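K.L.:
I'd like to ask you about the structure that follows.
In full-length UniProt numbering, the protein residues as written are 1 to 568.
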């Protein structure tokens, strides 16, 4: 576990509210202890739950009375502003649930932040927020819910730090009116470069991109951040930004990079490049790290910890919402004398509620299906644009990993095959698979699915190594010589690969119904004269150049399969 060195810079204010802020990102997690408006300590732990949770638990076990807040700084977060019709007090909750279901999937932690109303008062604007789960994030959140400490709930770092950005540019907003856009970029150790975009002080967009490497020159890092800014600007232009609009920029990084960023020409009315330490001093947060410290995780946590209340607390959506039931039935309370009528009305209301819930479930499922189809089409388009087939690349990398681990010793296997062939045949087709099934010993019955059939390609088995080969026999001009050579090749391959099973799938010459193939490789025909009465007619000669077979003068081809290793 790493810890910020703040002992010589921090002042503890007794009597102020203390709480821990646990920031969980893609790269690591940061636990910050905030006392009032001052930071008392901070710990950096791994993002992997198996390692990081144990280290955070060791700190919290010594202080189980201090509340803990969960701040998510993850890559994927959902922010969607929607206009909600203003209806009656009893129906407003249902309308909100319907809009939340279309804006945020039901399986996410979510919340809705009021954004005001239109001038006529007919619509209310809400920012619907969602936090998609990942295996790593779910592990952290599940552990957090079981803490013995008081829990301050789940929150989104970009949304909670929106007020931090507005505080930095409070003077610019007062000096000039009109529509103002703001973009703040901080370098967080928990995940990288966190960008927060706002219009008129309202959340519009957030991005998380990789931070420049530690060994990168400050000038190159500034150029990379300028390119990243231009990419962000393309998204902002889709939201209504136009060249010439008032734009405020803030970069909170290390001093050397801040100096280089000041030299870059920006498309902005005001630009601030500073450090987390300077921002902490400017906003009255005290010390949030050393002056050369580039990371803003503690700055975000200190700002959140000082706030009297969070901007938004996430919650799970109720699976069967009935919060308005009591208010719906309240007007019927004085009508106690007509209980039968009240019962009928209640039954009708419950039936309508069930139908409405079913309708909402269908709407949510339809919306989820459309989103899934959209993601599928996007993924397919991305895969189609790749220069190589992803499935082939995955199989190739898996084979390479097995070769590195020594699970598949391929070169000796191929050299043994070459030793058995001895230049008497060359392969026109070579198929390799990672796999081999244990073949039965001589004398044991062969399962029908595993018995090789002449002219039929067998399925590649699994486990070990497997090779299928189409061989063209060299210097062979007649069928008998082809059969003799094929038998010798099978013997030599068996000798070269003593730990493998060598199978002849297709011989070089078709075996006709009136012929037999013996171990001495002879072609035997019945003694009857085909022209004699009752004699069998001569069989038709195999067509020259037929697939897999040689003609009268060749070429002669055969197929063999070799499997080494066994799968249980």
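Ideal Cβ placement from N, Cα and C applies to all residues, glycine included. Given the structure is predicted, the values throughout are model-derived calculations rather than measurements.
(1) To which residues of the same chain is residue 263 closer than 8 Å at the C-beta, ignoring the five residues directly before and after it?
(2) Buried or exposed, going by whether 16 or more other CB atoms sit within 10 Å of the CB of residue 227?
(3) Looking at residue 472: is its Cβ nearer than 8 Å to the Cβ of residue 428?
(4) Please classify residue 422: does DSSP put it in a helix, a strand, or coil?
(5) Have a look at residue 231 and residue 209 and give me their C-alpha separation to the nearest angstrom.
(6) Pick out the complete beta strand (DSSP E) segments inside the stretch 457-494, 3 residues or longer, and give them in chain order.
(7) So, residue 310 versus residue 295, is the Cβ gap smaller than 8 Å?
(8) Can at least three beta-carbon pairs, one atom from the stretch 156-170 and one from the stretch 65-81, be found at a separation below 8 Å?
(9) Three-state secondary structure (DSSP) at residue 389?
(10) Mapping DSSP to helix, strand and coil, what is residue 510?
(11) Taking only the alpha-carbon atoms, compute the straight-line gap between residue 490 and residue 504 and give it to the nearest angstrom.
(12) For the beta strand (DSSP E) holding residue 43, just list the boundary residues, first then last.
(13) Can you list the beta strand (DSSP E) stretches of 3 or more residues lying completely in the stretch 117-151, in chain order?
(14) Does the contact criterion of 3 or more C-beta pairs under 8 Å hold for the stretch 256-272 versus the stretch 301-316?
(15) When burial is assigned at 16 or more other CB atoms within 10 Å of the CB, is residue 260 buried or exposed?
(16) Within 10 angstroms of the Cβ of residue 99, are there 16 or more other Cβ atoms? Answer buried if so, exposed if not.
(17) Could you spell out the range, first to last residue, of the beta strand (DSSP E) harbouring residue 199?
(18) By Cβ distance, which residues of its chain are closer than 6 Å to residue 135, with the 5 residues on each side in sequence left out?
(19) Using only the alpha-carbon positions, how far apart do residue 555 and residue 561 sit?
(20) Pairs of beta-carbons, one from the stretch 32-50 and one from the stretch 82-94, closer than 8 Å: are there three or more?
(21) Shortest alpha-carbon distance to residue 412 belongs to which of 366, 500 and 350?
(22) If I measure Cβ to Cβ from residue 219 and keep anything under 7 Å in the same chain, skipping five residues before and after, which residues do I get?
(23) Put residue 360 into one of helix, strand or coil per three-state DSSP.
(24) Around the C-beta of residue 160, are 16 or more other C-beta atoms found within 10 angstroms, so that it is buried, or is it exposed?
(25) Which residue marks the beginning of the beta strand (DSSP E) containing residue 27, and which one marks its end?
(26) Per DSSP, what are the beta-bridge partners of residue 274 in this structure?
(27) List the residues that DSSP assigns as beta-bridge partners of residue 303.
(28) Taking the alpha carbon of residue 178 as the point to measure from, which residue in 124, 131, 246 and 201 has its own alpha carbon closest?
(29) Taking the alpha carbon of residue 206 as the point to measure from, which residue in 141, 129 and 506 has its own alpha carbon closest?
(30) Provide the residue span of the alpha helix (DSSP H) that contains residue 102, from first to last.
(31) May I ask which residues mark the beginning and end of the beta strand (DSSP E) holding residue 71?
(32) Express the C-alpha separation of residue 308 and residue 180 in angstroms, rounding to a whole number.
(33) Alpha carbon to alpha carbon, what distance is there between residue 395 and residue 383?
(34) CB-CB under 6 Å to residue 297, same chain, minus the five flanking residues each way: which ones, in chain order?
(35) Identify, in the order they occur along the chain, each residue of the same chain with its Cβ nearer than 8 Å to the Cβ of residue 109, setting aside the five sequence neighbours on each side.
(36) What span of residues does the alpha helix (DSSP H) with residue 158 cover, start to end?
P.N.:
On the basis of the data shown:
(1) Position 263 of the chain shown, counting from 1, holds the residue named residue 263. Cβ neighbours of residue 263 beyond the five flanking positions: 222.
(2) Indexing the chain shown from 1 puts residue 227 at position 227. That one is exposed.
(3) Stepping through the chain shown from its first residue, residue 472 is reached at position 472. Stepping through the chain shown from its first residue, residue 428 is reached at position 428. Against a cut-off of 8 Å, the Cβ pair of residue 428 and residue 472 comes out as a contact.
(4) Counting from one through the chain shown, the residue named residue 422 turns up at place 422. Here residue 422 sits in coil by DSSP.
(5) Counting from one through the chain shown, the residue named residue 231 turns up at place 231. Counting from one through the chain shown, the residue named residue 209 turns up at place 209. Spanning the two alpha carbons is a distance of roughly 11 Å.
(6) 465-473
(7) Along the chain shown, one-based indexing puts residue 310 at 310. Along the chain shown, one-based indexing puts residue 295 at 295. Going by C-beta atoms, residue 310 is not nearer than 8 Å to residue 295.
(8) yes
(9) Counting from 1 along the chain shown, the entry for residue 389 is found at position 389. In this structure, residue 389 counts as coil in the three-state DSSP scheme.
(10) Taking the first residue of the chain shown as position 1, residue 510 is located at position 510. Residue 510 falls in the coil class under three-state DSSP.
(11) Residue 490 sits at position 490 when you count from the first residue of the chain shown. Residue 504 sits at position 504 when you count from the first residue of the chain shown. Approximately 8 Å, taken between the alpha carbons.
(12) As a first step, residue 43 is located in the chain shown; it is residue number 43 there, counting from the start. Residue 43 -> beta strand (DSSP E) spans 38-46.
(13) 123-131
(14) no
(15) Along the chain shown, read from residue 1 onward, the residue named residue 260 stands at position 260. Buried, because 16 or more other Cβ atoms sit within 10 Å of the Cβ of residue 260.
(16) Within the chain shown, residue 99 is the residue found at index 99, counting from 1. Burial call: buried.
(17) The residue given as residue 199 occupies position 199 in the chain shown. Element bounds for residue 199: 192-199.
(18) Taking the chain shown and counting its residues from 1, one reaches residue 135 at position 135. Excluding positions up to five away in sequence, the list is empty.
(19) Against the chain shown, residue 555 aligns to sequence position 555. Against the chain shown, residue 561 aligns to sequence position 561. Whole-angstrom Cα-Cα distance: 20 Å.
(20) no
(21) Taking the chain shown and counting its residues from 1, one reaches residue 412 at position 412. For the residues 366, 500 and 350, the minimum Cα distance to residue 412 belongs to 500.
(22) Translated into positions along the chain shown, residue 219 becomes position 219. Around residue 219: 260.
(23) Reading the chain shown from its first residue, position 360 is the one you call residue 360. If DSSP states are grouped into helix, strand and coil, residue 360 belongs with the helices.
(24) Position 160 of the chain shown, counted from the start, is the residue given in the question as residue 160. When all chains shown are included, residue 160 counts as buried.
(25) Taking the chain shown and counting its residues from 1, one reaches residue 27 at position 27. Here residue 27 belongs to no beta strand (DSSP E), and DSSP marks it neither H nor E.
(26) Start at 1 with the first residue of the chain shown, and residue 274 comes out as number 274. Bridge partners of residue 274: 252.
(27) Residue 303 sits at position 303 when you count from the first residue of the chain shown. DSSP, once it has assigned bridges, lists no residue as partnering residue 303.
(28) For the purposes of this step, residue 178 is taken as residue 178 along the chain shown, with counting starting at 1. Nearest option by C-alpha distance: 246.
(29) For this step, residue 206 is matched to residue 206 along the chain shown. Residue 129 is the option with its Cα nearest to residue 206.
(30) Here residue 102 refers to the residue found at position 102 of the chain shown. That run of the alpha helix (DSSP H) goes 92-103.
(31) For the purposes of this step, residue 71 is taken as the residue at position 71 of the chain shown. Here the beta strand (DSSP E) through residue 71 covers 68-73.
(32) As a first step, residue 180 is located in the chain shown; it is residue number 180 there, counting from the start. As a first step, residue 308 is located in the chain shown; it is residue number 308 there, counting from the start. Distance between the alpha carbons of residue 180 and residue 308: 26 Å.
(33) Residue 383 sits at position 383 when you count from the first residue of the chain shown. Residue 395 sits at position 395 when you count from the first residue of the chain shown. If I take the Cα positions, the gap works out to 16 Å.
(34) On the chain shown, position 297 is the one that residue 297 refers to. Correct list, in chain order: 23, 30, 188, 189 and 190.
(35) Sequence index remark: in the chain shown, residue 109 carries index 109 (1-based). Cβ within range, chain order: 130, 131, 133, 141, 154, 314, 315 and 316.
(36) Residue mapping note: residue 158 aligns to position 158 of the chain shown, counting from 1. Taken as a continuous stretch (DSSP letters only), the alpha helix (DSSP H) holding residue 158 covers 157-160.
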